[in-house]
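**Student:**
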Amino acid sequence: MNTKLVNSLVQIIQSLTPEEQALLEERLQSKKNWQQEYQKLLEVRAKIFARRKGKPLEPTPEEIIH
7 MNTKLVNSLV QIIQSLTPEE QALLEERLQS KKNWQQEYQK LLEVRAKIFA
57 RRKGKPLEPT PEEIIH
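Laid out in structure tokens, this is it:
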């Protein structure tokens, strides 16, 4: 483990304002929740697909994301 790097990061994070720390936490959380967000996207896709009576979206959400 790179203890020196971790200690430096801790010092940097502690030097941030509360607002900056909140923003950092928000950004870190968004990376953790990507699977939940992707699941929501698939649910919306299914609703749109049903509303379009089976006609697929062009391009597909997968093509847009990847």
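Using the numbering used here, the first residue of the sequence shown is number 7, and each one after it goes up by one. Just so you know, even glycine gets a beta-carbon here, dropped at the ideal spot from N, CA and C.
1. Measure the alpha-carbon distance for residue 12 versus residue 71 and round it to whole angstroms.
2. Go ahead and pull the three-state DSSP assignment for residue 65.
3. Just to check my reading of the structure: residue 62 and residue 55 have Cβ atoms closer than 8 Å, yes? What is that Cβ distance to the nearest angstrom?
4. By the DSSP assignment, the alpha helix (DSSP H) with residue 29 in it spans what residues?
**Tutor:** Checking against the coordinates, here is how it stands:
1. 32 Å
2. coil
3. 7 Å
4. 24-38
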